[in-house]
Structures are given as structure tokens and as C-alpha cells.
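Residues 68 to 289 (this note's numbering) are what the sequence shown spells out, left to right. Beta carbons: idealized from backbone N, C-alpha and C, even for Gly. Contents: one structure, followed by commentary.
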Amino acid sequence: MFLPLRDENPTRRFPALTVLLIAVNVAVFAAHVFSPATLTSHVLRMGAIPYEITHFTVYQGYPVERIFPVLALFASMFLHGSLLHLLGNMLYLWIFGNNVEDFLGPVRFILFYLVSGLAAAGTHILAHPHSTIPMIGASGAIAGVLGAYFVLYPGARVQTLVFFSVVPIPAAIILGLWFLGQVLNVGIGGGVAWFAHIGGFLAGLVFIRYFPRKRRFSRTSA
68 MFLPLRDENP
78 TRRFPALTVL
88 LIAVNVAVFA
98 AHVFSPATLT
108 SHVLRMGAIP
118 YEITHFTVYQ
128 GYPVERIFPV
138 LALFASMFLH
148 GSLLHLLGNM
158 LYLWIFGNNV
168 EDFLGPVRFI
178 LFYLVSGLAA
188 AGTHILAHPH
198 STIPMIGASG
208 AIAGVLGAYF
218 VLYPGARVQT
228 LVFFSVVPIP
238 AAIILGLWFL
248 GQVLNVGIGG
258 GVAWFAHIGG
268 FLAGLVFIRY
278 FPRKRRFSRT
288 SA
């Protein structure tokens with residue numbers, strides 16, 4: 068059992084987009100929790116349903132009005148089914164997202180994040196093309212961030228809770244073990260979109276190579 072707590076990898080600038088993504092996820096969860104409608108109804112309305120994408124239709128099997136399937140692919144990235152689900156995702160986003168944002172810059176980072184989330188959803192859909200169960204959560208997009216961090220900063224030390232001790236472990240080991248856990252859990256189920264995690268991580272490994280570092284311009288005076 069291990070839980071990353073923080074990394075020892077300073078950034079050059081404040082990670083505004085990472086903080087904004089965390090704030091939006093928290094705000095959406097709070098809005099749904101305190102909404103007159105139940106959290107389940109929001110999930111059924113806005114979760115991404117593979118059947119809708121593969122059959123080019125809106126699923127009519129739930130007692131709520133579904134949003135357009137393509138919009139659901141994006142909306143589902145900001146939905147969480149429980150407080151624990153939210154906190155776990157936001158912890159990983161905070162630890163690893165700030166450095167990836169620092170590398171890419173805010174505009175490239177949000178594009179990378181959303182593209183990774185779509186790739187994660189696409190992997191889940193390919194694995195379960197006829198599923199009518201809504202998929203929710205930021206973990207697919209965050210898995211892309213983890214894949215990028217694995218490529219960019221494999222030697223960065225991550226302070227990690229291992230049972231009852233906190234020890235520094237290279238990011239490559241932490242993230243490699245995380246990915247291995249997703250692969251080994253495929254088939255177990257438990258309401259977790261393991262293929263989305265795998266697809267998002269692999270997408271991050273690949274996509275980060277096509278998202279160049281943010282350019283730093285210098286200014287000279289005549």
C-alpha cells in the first residue's frame with residue numbers, strides 16, 4: 068500500500084490552471100451534492116455512456132433526460148461519485164499536474180488534459196462498446212498527466228506514505244507501480260473504469276512528446 072503525498076520538484080510559476088481544475092471539480096461536486104436532485108441523477112444525466120457513442124444515439128433507459136453524448140464526454144470529466152473519489156483524483160492532480168503545467172504552459176496544459184481525458188474515454192468505450200453504465204471522473208485525464216510526468220520527470224522524488232512511513236521514491240517507480248496496478252485490476256470490475264486509466268496514461272506518454280515546452284521569449288532594447 069502506498070499513497071503519494073507531494074513531490075520534490077519545484078515549479079517556475081504558480082500552477083494557475085491546475086488550481087483552477089481542482090476548484091472546478093470541487094465546485095461541481097459541491098453543487099451536485101447540495102442540489103435538490105440526487106447525485107445519482109446527475110451521474111445518469113451527464114455521465115459518458117459507451118453505448119451512445121458506438122450506436123450514435125441517446126440512451127433512453129434512465130428516468131432522466133440525457134445531455135448530448137459528445138457533451139457528456141466532457142462533462143463526465145468533472146463528475147465524481149463520492150467525496151473519496153474526488154479527493155483521490157485531486158490529490159494526484161495537485162502533486163503531478165503543477166509540473167506538467169509548468170512544462171507546457173497553461174493553454175497547452177488544458178488542451179493536453181482534455182485530449183488525454185478524451186483518449187481515456189475512448190479506450191473505455193472500445194473495451195465496453197455496448198455498456199450503458201455512465202462513466203464519470205477526472206481520473207482518465209489525470210492519468211494522462213501521470214503519463215506525461217513519467218516521461219518528463221522520472222527521477223523526481225515523491226514523498227510517499229508506505230504503510231506507516233513516509234519515504235522518498237522516484238516518480239518512475241511510483242507511477243510505474245500505479246500503472247501496473249491498473250493493468251492487474253482489469254477484469255476485477257468494482258465500478259472502476261480501469262481501461263480509461265490505462266488509455267489515459269498511455270495517451271499521456273505519447274502526447275507529451277508532441278506538446279513542446281512553452282517557449283520563453285527574451286526582450287532586448289535598442
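Taken through DSSP and simplified to helix, strand or coil, residue 224 comes out as strand.
Judged by beta-carbon spacing, residue 217 lies within the 9 Å limit of residue 271, meaning their Cβ atoms are closer than that value.
Taking 8 Å as the upper bound for CB-CB distance, residue 121 and residue 196 are in contact here, some 4 Å apart. The Cβ atoms of residue 228 and residue 71 sit closer than 9 Å to each other.
DSSP, read as helix, strand or coil, puts residue 236 in strand. Under the three-state reduction of DSSP output, residue 146 falls in the coil class, being neither helix nor strand. Here residue 104 carries a coil assignment [DSSP, helix/strand/coil]. Rounded to the nearest angstrom, the gap between the Cα atoms of residue 84 and residue 149 is 23 Å. When DSSP states are grouped into helix, strand and coil, residue 179 belongs to the helix group.
The alpha-carbon separation between residue 173 and residue 280 amounts to approximately 11 Å.
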